[in-house]
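Undergrad:
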Amino acid sequence: MTTTWSSQPVLRVQGLEVTYYTDLGRAKALDDVTFSLGAGEKMGMVGESGSGKSTLALAMMRMIKPPGRIEGGTVHIGDTELMGLTEEGMRKARLSKIAYIPQGAMNSLNPVTRIGAQLVDAVKSHVSGDSNSAIKDRCLAALRSVDLDERVFNLYAHELSGGMKQRVCIAIGILLQPQVIIADEPTSALDVVTQRQVMETIDRVKDEINAAVILIGHDMGLMAQFVDKVAVMYAGRLVEVATVRDMFTNPRHPYAQALIESLPNLDNKGVFQGIPGLAPSLLRLPSGCAFHPRCTHAQDICKQVRPEVNHISDGRLVTCHLFDKEAVHVQSA
Amino acid sequence: MAKLILQRLAFLLLVIWSASTIIFFVPRMSSRNAIRERFAELARTGGFAPADLEAIISSMEQQFGLDRPLIEQYWVYLGNILRMDFGYSLSRYPATVTDLIVQALPWTIGLLIVTTILAFLIGNFLGAIAAWPRAPRWARGMATPFVLLTGVPPVIMGVLLLFFVGFRLKLLPLGGAYSIGTVPSLTWEFALDMLRHQVLPAMALVLGSVGGWVLSMRGMGITIQGEDYVTFAEHKGLTPGRIFRDYYLRNTLLPQMTAFALALGTIVTSAIVVEAIFSLPGIGTALNNAIRANDFPVIYGIVLFITIAVATIMVAMEFVYPLLDPRIKPQT
Ligand SMILES: Nc1ncnc2c1ncn2[C@@H]1O[C@H](COP(=O)(O)OP(=O)(O)OP(=O)(O)O)[C@@H](O)[C@H]1O
Ligand SMILES: [Mg+2]
């Protein structure tokens, strides 16, 4: 598993912030999220439900809907900065530069039009001047590359199985060969065998178009097999980003450690080790580090001072006071 | 498919039979006699009082078959229905019921069908926009006045329009299908005159019913916007126009078309009221006159005709549904 840390990253996310203005108050769902990803790299994004994984994906697509608002930050794909694009520019960037395969692909296809029409309209909204037969060939090729029969082109969504619908969504995602693909829990509704197949499909099409892939999910086992990097989210912050090997053998952030330790293995079979305490409400985040009430290493400073992102050795990012001294100062991307 | 069509035709026949049976027996429970009343009216208005009145009446009853036992009349009647022969009008003899329907129908279709479709289109369009978050605020607000008018009955609406627009402002004629004194002809002048007479009744019908469509469409629109496939369409970077048309409107079509078919069924009720207020010829007026005169062949004819028309539309809709939504397969 070689990662290309040094190469110019294709995706650079810097200081992304999203707030939901709810009736109960402001919920900061993304707080200073920073990371980057190289072409052909796969990053897994894990974290408890409600930690902001989908919000991060939607923010990168600029698809946060009211009452949510993107409050700041930049997202570069190559040389293009998405947050600065016009509405129309962003529309064109969706799918052609950055594709999002949504959580709940089961219902993501229009029930009343044929699958083919839904692939064709995606192409037509971005490229003009191609003949209809060229567009159709492109769509059929996309279906083939996700292991679907060409027959699917003429079917309706209700005639497909869950795994097939998921593949159709992936086929749509790769139609325009985007540089970044985000797959939000692409396998949570599938059986293990289909899960593997879908992941392998994502893997293969990623290689075909050399895209950077972000995989959102809860299944650490699946992550371990398929991604290069793992990012751990907690209460809207990326608390640790590391290679999959580092993350599994030597997690640094106390939350990441707890997460890895809670994974079942043959030695502690049958003993479910959760992380003590509850995930905090975004409306009433603890002061300082949001994890401190559940952290076994909490110090005084953790209760008062919000930790910054520390770039430590081998390119790892850890947002924790324990590593303030280890931080090496990297130019901000 | 052939089985399905046969099944639906059988259903249609059943509906027609039940409707015609009910229609046959209900007016016969009345003790009034249309022929006798016709002569009584003649006597009152024209002083025409033949000495052998009873003989004339009984000979006419014989001619219409009214002297025979009820059950025998019923069988004859059913046979006639099957041949689409509704017989003669009692009060407008020698006009046949079919003649009356054929005369009245174009007026009703022209006004009622057109306004129902118009209200449906306007209401659904405004409702769809009202629920569409990308639409400009002013466009979304356009539906509000119609919503406020929802449920104002056509009677009230008609009278208000007549009073303000027709009587006070004298902008449009007060009633009738065309100006008194003009002779119907195929000229632009006559067509224009006729249209001017249709504006107020049309407004009375449209204004009150647009709001209902706005409300149902807006509710549907909001639901469909929350659907994953609309969100995914945005992720795909589709143009807003295409999302609006193919993902949003297209999915509201089925429930709204069902409601539309049902709305067609209520047309006659509105026709009776509006045609009366604006003194328009039409099915509503014809039915109204027939009821007043106890002219039961005409009542049978019109009510049956309407029943058949509505039932046919409903059956036809069943064959249209699968075209609107592939998840629906015709049920045998
Ligand atoms: N439309 C919204 N209005 C208000 N708050 C929202 C909205 N959408 C998300 N949130 C809040 O933002 C936080 C992050 O939600 P998000 O959907 O990103 O979580 P997630 O990590 O994807 O969770 P899951 O694993 O369950 O998919 C949650 O606390 C949620 O309550
Ligand atoms: Mg999510």
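Going down the list, the protein sequences come from chains A and B. Note that the first sequence covers residues 1 to 333 in the numbering used here. Note that the second sequence covers residues 334 to 665 in the numbering used here. Note that beta-carbon positions come from the ideal geometry of N, C-alpha and C, so glycine has one too. Source: prediction; values computed, not measured.
Who sits around ligand 2, taking every residue whose Cβ is closer than 7 angstroms to one of its heavy atoms?
TA: A:Lys53, A:Ser54, A:Gln103, A:Asp184, A:Glu185, A:Ile216
Undergrad: Mind checking A:Leu24: buried by the 16 CB within 10 Å criterion, or exposed?
TA: On the first sequence, position 24 is the one that residue 24 of chain A refers to. Exposed, because fewer than 16 other Cβ atoms sit within 10 Å of the Cβ of A:Leu24.
Undergrad: A:Gln331 by DSSP, collapsed to three states: which one?
TA: The residue you call residue 331 of chain A lines up with position 331 of the first sequence. For A:Gln331, the pLDDT reaches just 49, beneath the cut-off of 50, and the residue's location in the model is therefore unreliable, leaving the point undetermined.
Undergrad: Does ligand 1 have even one heavy atom less than 8 angstroms from the beta-carbon of A:Glu308?
TA: Walking along the first sequence from the start, residue 308 of chain A turns up at place 308. No, Cβ of A:Glu308 sits at least 8 angstroms from all heavy atoms of ligand 1.
Undergrad: Of the residues that make up the region 97-123 of chain A, which ones have a beta carbon closer than 9 angstroms to any beta carbon in chain B?
TA: Using a CB distance below 9 angstroms, the part of the region 97-123 of chain A facing chain B consists of Ala99, Tyr100, Ile101, Pro102, Gln103, Gly104, Ala105, Met106, Asn107, Ser108, Leu109, Asn110, Pro111, Val112, Thr113, Arg114, Ala117, Gln118, Asp121, Ala122, ordered along the chain.
Undergrad: So for A:Thr3, helix, strand or coil by DSSP?
TA: Looking up residue 3 of chain A in the first sequence gives position 3. Its pLDDT being 45, under 50, A:Thr3 is placed unreliably by the model, and nothing is read from it.
Undergrad: Spatial neighbours of A:Leu263 within its chain, please: C-beta separation below 8 angstroms, excluding the five flanking residues on both sides.
TA: Locating residue 263 of chain A in the first sequence gives position 263, counting from the first residue. Sequence-distant Cβ neighbours of A:Leu263 in its own chain, meaning closer than 8 angstroms and more than five residues away, are Met220, Gly221.
Undergrad: At a CB-CB cut-off below 8 angstroms, which residues of chain B make contact with A:Leu95?
TA: Here residue 95 of chain A corresponds to residue number 95 of the first sequence, with the count starting at 1. Going along chain B in sequence order, the residues near A:Leu95 (Cβ under 8 angstroms) are His568, Lys569, Gly570.
Undergrad: Is the Cβ-Cβ distance between B:Met617 and B:Val607 less than 9 angstroms?
TA: The residue labelled residue 617 of chain B in the question sits at position 284 within the second sequence. The residue labelled residue 607 of chain B in the question sits at position 274 within the second sequence. Per the sequence shown, residue 617 of chain B should be read as Gly rather than Met. Against a cut-off of 9 angstroms, the Cβ pair of B:Val607 and B:Gly617 comes out as a contact.
Undergrad: Where does B:Asn627 sit, in a helix, a strand or coil, going by DSSP?
TA: Mapped onto the second sequence, residue 627 of chain B falls at position 294. In this structure, DSSP gives B:Asn627 a state outside helix and strand, which the three-state scheme calls coil.
Undergrad: Starting from the beta carbon of B:Glu560, find every residue of chain A whose beta carbon is closer than 7 angstroms, and list them in chain order.
TA: Here residue 560 of chain B is taken as the residue at index 227 of the second sequence, counted from 1. Here the neighbours are Asn107.
Undergrad: Measuring CA to CA, which of B:Ser391, B:Ala376, B:Leu339, B:Trp350 is closest to B:Tyr410?
TA: The sequence position of residue 410 of chain B within the second sequence is 77, counting from 1. Looking at the Cα atoms, B:Trp350 is the closest of the given residues.
Undergrad: Using a C-beta to C-beta distance shorter than 9 angstroms, which residues of chain A count as neighbours of B:Arg583?
TA: Within the second sequence, the letter at position 250 stands for residue 583 of chain B. Per Cβ cutoff of 9 angstroms: Asn110, Val112, Thr113.
Undergrad: So what's A:Asn110 in DSSP terms, helix, strand or just coil?
TA: Counting from one through the first sequence, the residue named residue 110 of chain A turns up at place 110. Coil.
Undergrad: What residue from A:Asn110, A:Cys139, A:Gln103 has the CA that sits closest to A:Leu119's CA?
TA: Position 119 of the first sequence, counted from the start, is the residue given in the question as residue 119 of chain A. When each option's Cα is compared against that of A:Leu119, the closest is A:Cys139.
Undergrad: With B:His530 as the anchor, note down where its alpha helix (DSSP H) starts and where it stops.
TA: Counting from 1 along the second sequence, the entry for residue 530 of chain B is found at position 197. For B:His530, the enclosing alpha helix (DSSP H) stretches over residues 521-558.
Undergrad: Would you list, in sequence order, the uninterrupted alpha helix (DSSP H) runs of no fewer than 4 residues that lie entirely inside the region 150-174 of chain A?
TA: Counting whole runs of 4 or more residues, the region 150-174 of chain A contains the alpha helix (DSSP H) stretches 162-174.
Undergrad: Between B:Tyr654 and chain A, is the shortest Cβ-Cβ distance under 9 angstroms, so that the two count as touching?
TA: The count along the second sequence starts at 1 and reaches residue 654 of chain B at position 321. So, not an interface residue.
Undergrad: What are the start and end residues of the alpha helix (DSSP H) that includes B:Thr449?
TA: Taking the first residue of the second sequence as 1, we reach residue 449 of chain B at position 116. Unbroken alpha helix (DSSP H) run through B:Thr449: 447-463.
Undergrad: Can you list, in chain order, the residues of its chain with a C-beta nearer than 8 angstroms to that of A:Asn310? Leave out the 5 residues immediately preceding and following it.
TA: Here residue 310 of chain A is taken as the residue at index 310 of the first sequence, counted from 1. So the qualifying residues of the chain are Leu317, Val318, Thr319, Cys320, Phe323, Asp324, Glu326, Ala327.
Undergrad: Going straight from the alpha carbon of B:Ala626 to that of B:Leu375, what length do you get?
TA: On the second sequence, residue 626 of chain B is found 293 positions in, with the first residue counted as 1. On the second sequence, residue 375 of chain B is found 42 positions in, with the first residue counted as 1. So the alpha carbons of these two residues sit roughly 13 angstroms apart.
Undergrad: Would a C-beta distance cut-off of 9 angstroms place A:Leu56 and A:Met45 closer than the cut-off?
TA: Here residue 56 of chain A corresponds to residue number 56 of the first sequence, with the count starting at 1. Here residue 45 of chain A corresponds to residue number 45 of the first sequence, with the count starting at 1. In contact: A:Leu56 and A:Met45 (Cβ atoms closer than 9 angstroms).
Undergrad: Can the beta-carbon of A:Met218 be found less than 9 angstroms from the beta-carbon of A:Ser54?
TA: Residue numbering aside, residue 218 of chain A sits at position 218 when the first sequence is read from its first letter. Residue numbering aside, residue 54 of chain A sits at position 54 when the first sequence is read from its first letter. The sequence as given places His at residue 218 of chain A; Met does not occur at that position. No, they are not a contact pair.
Undergrad: Provide the residue span of the beta strand (DSSP E) that contains A:Asp207, from first to last.
TA: For this step, residue 207 of chain A is matched to residue 207 along the first sequence. Counting along the chain, A:Asp207 sits inside no beta strand (DSSP E); it lies in the alpha helix (DSSP H) bounded by residues 192-209.
Undergrad: Can you give the Cα-Cα distance for A:Pro286 and B:Gln589, rounded to whole angstroms?
TA: Here residue 286 of chain A is taken as the residue at index 286 of the first sequence, counted from 1. Here residue 589 of chain B is taken as the residue at index 256 of the second sequence, counted from 1. Taking the straight line joining both Cα atoms gives about 50 angstroms.
Undergrad: Who are A:His321's beta bridge partners in DSSP?
TA: To locate residue 321 of chain A, count along the first sequence from 1; it is residue 321. None, per the DSSP bridge assignment.
Undergrad: Do you know whose CA, among A:Arg69, A:Arg62, A:Ile77, A:Leu109, lies nearest A:Thr86's CA?
TA: Taking the first sequence and counting its residues from 1, one reaches residue 86 of chain A at position 86. Among A:Arg69, A:Arg62, A:Ile77, A:Leu109, the Cα nearest to that of A:Thr86 is on A:Arg62.
Undergrad: Could you work out which residue in B:Pro506, B:Leu482, B:Pro573 is closest to B:Leu613 when comparing CA atoms only?
TA: Residue numbering aside, residue 613 of chain B sits at position 280 when the second sequence is read from its first letter. By alpha-carbon distance to B:Leu613, the top candidate from B:Pro506, B:Leu482, B:Pro573 is B:Pro506.
Undergrad: To the nearest angstrom, how far is it from the Cα of A:Asn344 to the Cα of A:Tyr100?
TA: A question about residue 344 of chain A goes unanswered here, because the residues of chain A that appear run from 1 up to 333.
Undergrad: Using three-state DSSP, classify A:Ala27 as helix, strand or coil.
TA: What you label residue 27 of chain A is simply residue 27 of the first sequence in a count that begins at 1. The answer is strand: DSSP assigns A:Ala27 an E or B state.
Undergrad: At the level of alpha carbons, what is the spacing between A:Ala212 and A:Lys206?
TA: Counted from its first residue, the first sequence places residue 212 of chain A at position 212. Counted from its first residue, the first sequence places residue 206 of chain A at position 206. The straight-line gap separating the alpha-carbon atoms of A:Ala212 and A:Lys206 is approximately 7 angstroms.
Undergrad: Residues of chain B with a CB under 7 angstroms from the CB of A:Ile172: which are they?
TA: Residue 172 of chain A sits at position 172 when you count from the first residue of the first sequence. Simply Lys569.
Undergrad: Could you check whether the Cβ of A:Leu56 sits closer than 8 angstroms to any heavy atom belonging to ligand 1?
TA: Translated into the one-based positions of the first sequence, residue 56 of chain A becomes position 56. At least one heavy atom of ligand 1 is nearer than 8 angstroms to the Cβ of A:Leu56, so yes.
Undergrad: Report all residues from its chain with a CB closer than 8 angstroms to the CB of B:Leu346; omit the five preceding and five following residues, and keep chain order.
TA: In the second sequence, residue 346 of chain B corresponds to position 13, counting from 1. Around B:Leu346: no qualifying Cβ.
Undergrad: Pick helix, strand or coil for B:Ser422, following the three-state DSSP scheme.
TA: Position 89 of the second sequence, counted from the start, is the residue given in the question as residue 422 of chain B. B:Ser422: coil per DSSP, three-state reduction.
Undergrad: In angstroms with no decimal places, state the Cα-to-Cα distance between A:His126 and A:Gln8.
TA: For the purposes of this step, residue 126 of chain A is taken as residue 126 along the first sequence, with counting starting at 1. For the purposes of this step, residue 8 of chain A is taken as residue 8 along the first sequence, with counting starting at 1. The straight-line gap from Cα to Cα measures roughly 27 angstroms.
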